[in-house]
Every structure is written in structure tokens, then in C-alpha cells.
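Taken in sequence, the protein lines are chains A and B.
For the first sequence, my numbering gives the first residue as 18, with consecutive numbering after it.
For the second sequence, my numbering gives the first residue as 18, with consecutive numbering after it.
Backbone N, C-alpha and C fix where the C-beta goes; we use that ideal spot for every residue, glycine too.
First up is the structure itself, then whatever we jot down about it.
Number of protein chains: 2
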Amino acid sequence: MKKENPAPTMKDVAREAGVALGTVSKVVNGLPVGDSYKIRVEAAIKKLNYQVNSYAQGLKANKTYTIAFLIPNTQNPYFAYLTHQINLALLKRKYRMLLCCTDYDVSLEQEYVTMAQQNKVDGIIGLTYNPNLMIEEDTPFVSIDRSIGAKIPCVSSDNFAGGQLAAEKLADLGCKHVAFLRIGSSLTNEPNKRKAGFENGCLSRGLSYEMKILSDGEPYGEFETFLKNHMKDKKLAFDGIFCVTDSLAYLVLQMLRNLNLRVPEDIQLIGFDGIRLMGDKDYVCSTIIQPVPELAELCVDLLLQENRSAKPPLICLPVTYCYGGTTLESDYVQEG
Amino acid sequence: MKKENPAPTMKDVAREAGVALGTVSKVVNGLPVGDSYKIRVEAAIKKLNYQVNSYAQGLKANKTYTIAFLIPNTQNPYFAYLTHQINLALLKRKYRMLLCCTDYDVSLEQEYVTMAQQNKVDGIIGLTYNPNLMIEEDTPFVSIDRSIGAKIPCVSSDNFAGGQLAAEKLADLGCKHVAFLRIGSSLTNEPNKRKAGFENGCLSRGLSYEMKILSDGEPYGEFETFLKNHMKDKKLAFDGIFCVTDSLAYLVLQMLRNLNLRVPEDIQLIGFDGIRLMGDKDYVCSTIIQPVPELAELCVDLLLQENRSAKPPLICLPVTYCYGGTTLESDYVQEG
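See the structure below:
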């Protein structure tokens, strides 16, 4: 890059201020100097529009004001929304985000962890699926949805309470026999607690239930087969379904339509996440909403908090139920 | 951060290899040294697991291998998909992405441009809406969808051709009187050419058309009023509609449903972008697809290309039409 006017250097500032180069360096790096020197240097910096070299500063302050964010992709609407909110939370605090769409690539995740260990970034917020992630206990890391070490805080929605809330809502809305449909990582993670919460809610409300759980890689068509196997005289054996995500609920709604079942008249459905179609329009379905803006704020606060020993190992944020057209609550006016 | 084993330094490598410090420095920075020295240094680097200090390297190479990406948000599904594809294109080339969701904040956009001018990032790819963006001609910047300077390449879909294709498709599908609905920035940008392309297509095919164009801030309800004003005996004056984005098409489909109009039987509708609901499922509507992966690759290639004078000022990539359920083409099998 060629420039007509080369950027002013620290030497130019020293000449302008009439002080030694070391004095300018001290002021730039926040070290103590006499007030009169400080004023002169600052005036010279302003006059020359001198810009501190970030590499040189990085070497000294050992701070990059940059946080890496690891997420499988930003195409999934939940991930896209989470990325947006974490970006806003970082920008608010004058931090920058290094975004890494990992696409579940274990070596990429590991590469960014190494960067944090080398202080190339100040820390990491990660939604990772890597069971073998090698991470030193003192690495500044906040994990979303998965506990990866005793000293690494994990932030999550209260997935157990969310599953329970879904069961209780279906019971409140008159359901008697319900189903839980799940697909997802077999890795131990917080969202897996939705199942246990749902079972707990069903038991406490006397709801009978069945479950269909697919492992990684099994085709979604298995759910359609499951539903068909529970049809008799054109009616479904269930009057309520809880889907582990809104994304799955979207597919299940299509399957129910293909089976000529009416939602919510014949069968009520609740999802999980709180996804809005097109980013900000209708909810996909009635759903358990994850508090994404609060979750993002908390991740950033925990990561930037200096006192590591005060960091709790797991924080679960409260979820809420929201009507989204697939349950019997038509008098509720949806926000929009 | 405290560590049990301090990271090995360049001195440790020199001691291990039995060479002078300067020799290690040369190897690390890719400068010529004798082969036997090079082999010894590389073996020592490997043995000690020595990691090159990125700040120190940055000072010398003046390269950060980091690109800033400016986008209003990642919540809008088109922006989310674009972010994902640009991230993949950068990672493929071992570059990192600094993501900045600008939320149309002019000062944030300017801040990142300044970072590029100070070599804190190697360059910027930006979808910006800032008419006053101050950007020197030699700043490594690739703009998406908006020309911002003679020496700043702009990458875009062929929006004119896309608008024309929408008109031609509606004509092919039997439409006689169509409407164009648009909302968006009043700023001169590439997507605005969709209108001119559509008009051109209508004229060449003898389609009569009307337009309803809202400016920034006008409520979407104006479109509903427009449609109602064109209803007579429960029928709409149009048999085809082209919406400037899939996001608008999503809303217009709801309006048409509220007016008890059947899509595509009574009225056919084509959108623009190629958005899939939930990131990877059904198309919102029949649509003109932007080639986002190709667009992302091109942006990154242009930005990293050394020879600035060889960079073209504007590149428009070809778009394609895709059936998505809102036009009369039911024999077409949608990809899944």
C-alpha cells in the first residue's frame, strides 16, 4: 500500500511535543510520566492524528480486545440469532468478534483454542461439539450448552425446566397422551436435558407419553414412520407433540399436514428455541423461548470477568412459553 | 494468565538447534538461510512446539490474515447465509473473519475502515449503507451490492437480469397484468436495478404492470392497502406479483391469504434472494436465486488479489430462477 502522506510515527510525536521518544512510549502505554509531559504528548498525538500501532501495543498490553466466537454455522436461524446477539454484546463493550463457522470441524475448534492460549485473542465463546477438545483449565473460554471442564463456565438456557414447561403446557391445554420427538447430538450437553424435563413434567401431570429419539445421521423420515405407525382410523394416537427444536417442529408440521391432521385442532405442538421465520416475523410454532440476548450478555460478561475463581461452572437462564399458532390459545395476540 | 510451563521462546529454539538467534528469526520469517540450518531450526521448532508470536510477526510481515466483514446483522436470513459463505471462503484460505454487525451504524462502519487503513486487518468486505463512508482509494475493500468508489471493486448479483428474468417468467407462466412491490434503501445500490430490469422485461414481453414502492420507514401495511385498492368482485387486478426480496414475498403471501386469494391459482408470485426457511428447508416462494457461495468466493479472491489495478470496478454474477411453490409449475420437483 502506497500513501501520499505517510502516517506519523512515535518519533514525529516526540519531535512535535519536544520530549524524548521514551516519554511518548510511556504515555501511549499508560505508564506514569509528569503531568506537563503527558499534556504535551497528548496534544501532539491529537495534532498529528497519530495512531497507536496495534501490534506494538498488543505485544505490551497482551490484550487484543478481540474474542473468538465458535459456532457450527450461521445458516441455522438459531445460530444466526445467537451470533448476532453475541456480536452486539461484544461491540457494546468495544470488543471485536473473530467469527469461526466450524461446521463441526474438530481441528478448527482446536486451532482457535490454541490461539486463545497464545493470547492471539483475549478469549473464546464457543458452541462446540468436539468431545476431545483439548483445553487448558486456565484458557479464557465460555462454553454455550456444553460443560467442557470444571473451570470453564457453561452458559445455557434452563433446558430441563423448558422440557417440563412444555409438558405442563400440553397438560394445561387438555392433552392426555403426548409424544416427544428428538434428533441431535449424542454428546452429553445441556439441550439433552429437555427430554428429562419433559418426562418429569408428564409424570407430575399424569400425562402418558411416548418418545422417538433419532441419533446423528438417522433420516428424519423415521419420524414420519413413527407417526404413521400411531395412526388408527385416520386419527393419531397422540393429542400433543413436543419437538426438541423449532427446526424439527417445522418438519413435523409438514408431516402432520401430509397425514391430513389439523394443528392445533387434532394435535397440539410445542417446539423449543423461539425461532421467528425470516429472522423477525412469525414464530414457527408455539414454543419454549431461549433468552438469547440475556444469554449473549452473560457469556461476554463471564468471559471478560477478571476473577476466574468467582466464575460459576454452570448457569441456566430461565425460559418462557410463547403461543405461536400450533396450540389452542387463539385468543392470545401474537407479537409481531 | 499463569502457566505451569512457559511457552518456548525463539531463544529456546536457537539453543535447541545450536544456531544463532538471527538464524531462527530468518527461518520463522521465511528469509533465506542454508538448508542444513533450516532443517535444524525446523526440527527444534517441532520438538519444542514453538509457536510464532503473531504480534511480532504482524510487525514484520504487516499481515494479520484477518479480514473484517461488515454486515447490518446476521438475523436476516440472507445476511446470515452470506456471512456463513464468506466465513467458509476465508477459512478455506486460512484467513480469519472479524465480524461486525453494524446495525446500520455509520460510525461503526467508519471505525472498521480506519482499522483497515491502519493495517489492523488486511482488508474489508462490506455490505454497507453509509453514503458518507470516508474511504481512501487505496484501502483494501470489496463492497457488496453498492459501488462506493472507482477503485473499490463492487460485487453483486446481476440484479437487472434478475428483475428481467422475473418478468419473463411471469409472462411465460401466462400472466397478463403484473405488479412490482418494493421496499428498501433509497440509497443508490445494485439491488435497485431489479426494478429497471423488471420494467424492461415487462415491456419486451408486452406485460402491463403497476408498481408500489415504499421508502425507508413507510409501513408494510401500505402494500395491503395497495392490494385492496386493486380488488374488484373478490378478484385482484393482477395475475402476477414480483417482490423485491423473499422477505417481502413472505409478508405479501400472508396478505394475499388474508384477502382469500389463492397462490398460485389466482395469482403467481416471484421473490428475490433464494432464501430457504429454517436455513436449509423449503424456499419461501418461487424466486430469483442469488449465487451466494460464488459471490462469497469472488469477494475474498478480489480482496486478496495483490494487483489492485487488475481489479474490475463492478462484477455482476448470474442469477437463476427456481420454482418454490408460488408459481404454476407443480410438476417441478423441489430440491430438499
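Item	Value
Own chain residues within Cβ distance below 8 Å of C316 (chain B), not counting five before or after	I103, A106, I142, V159, I161, V172
Closest by C-alpha distance to S164 (chain B), when choosing among B:S124, B:K210, B:H194, B:A184	B:K210
Under 8 Å from the C-beta of L312 (chain A): neighbouring residues of chain B	What L312 (chain A) touches in chain B: nothing, since even the nearest Cβ is about 15 Å away.
Closer than 9 Å at the beta carbon, the chain A residues around K298 (chain B)	S264, Y267, L268, Q271
Interface positions of the region 140–174 of chain A facing chain B (Cβ-Cβ less than 9 Å), listed along the chain	E153, D155, T156, P157
Cross-strand partners of R293 (chain A) (DSSP beta bridge)	A:Y300
Exposure of E235 (chain B), with buried meaning 16 or more beta-carbon neighbours within 10 Å	exposed
Simplified DSSP state of G288 (chain A), which is helix, strand or coil	strand
Rounded straight-line distance, which links the Cα of Y98 (chain A) to that of V309 (chain A)	8 Å
From A:P25, A:E207, A:A183, residue whose alpha carbon lies closest to that of A196 (chain A)	A:A183
Span of the alpha helix (DSSP H) around M132 (chain B)	123–134
Validate contact between the region 133–142 of chain B and the region 335–349 of chain B using beta carbons, cut 8 Å, 3 pairs	no
Beta-bridge pairing of V336 (chain B) - partner residues as DSSP gives them	None, per the DSSP bridge assignment.
Contact set for M228 (chain B): own chain, Cβ-Cβ below 6 Å, skip 5 residues either direction	F197
Every unbroken beta strand (DSSP E) inside the region 148–194 of chain A [3 residues or more]	158–161, 171–174
Assigned secondary structure, A85 (chain A) (DSSP; H/G/I helix, E/B strand, else coil)	strand
Cβ-based neighbour list, N275 (chain B), same chain, cut-off 7 Å, excluding 5 preceding and 5 following	none
Beta bridge counterpart(s) of G257 (chain B) as assigned by DSSP	B:V195, B:Q285
For P335 (chain A), the nearest candidate out of A:N176, A:L190, A:E282 (CA to CA)	A:N176
T344 (chain B) (DSSP reduced to helix, strand or coil)	coil
Three CB pairs or more closer than 8 Å across the region 214–231 of chain B and the region 277–288 of chain B	no
Chain-ordered neighbours of Q68 (chain A) on chain B, where CB pairs are closer than 7 Å	Q135
Cβ of H247 (chain B) within 8 Å of any chain A Cβ	no
Alpha carbon of P89 (chain B) to alpha carbon of P208 (chain A), nearest angstrom	30 Å
Beta carbon proximity, M114 (chain B) to chain A, threshold 8 Å	yes
Contacts that Q92 (chain A) makes with chain B (C-beta to C-beta distance below 7 Å)	A97, Y98, H101, G296, D297
is_contact[N324 (chain B), chain A] using C-beta, thresh 8 Å	no
Contact the region 289–305 of chain B vs the region 261–270 of chain B: 3+ CB pairs below 8 Å	yes
Environment of N206 (chain B) [buried if 16+ CB atoms lie within 10 Å]	buried
7 Å CB neighbourhood of L278 (chain A) in its chain, flanking five on each side removed	L253, I284
N- and C-terminal bounds of the beta strand (DSSP E) containing Y226 (chain A)	225–231
Beta-carbon gap between G214 (chain A) and G180 (chain A) smaller than 8 Å	yes
Straight-line Cα distance separating Y82 (chain B) from G257 (chain A)	52 Å
Chain B within 8 Å of L105 (chain A), Cβ atoms only	yes
Other residues of its chain near V50 (chain A): CB distance less than 7 Å, five sequence neighbours each side excluded	T40, K43, V44
Option nearest L65 (chain A) by Cα separation, candidates A:K212, A:T26, A:T91	A:T26
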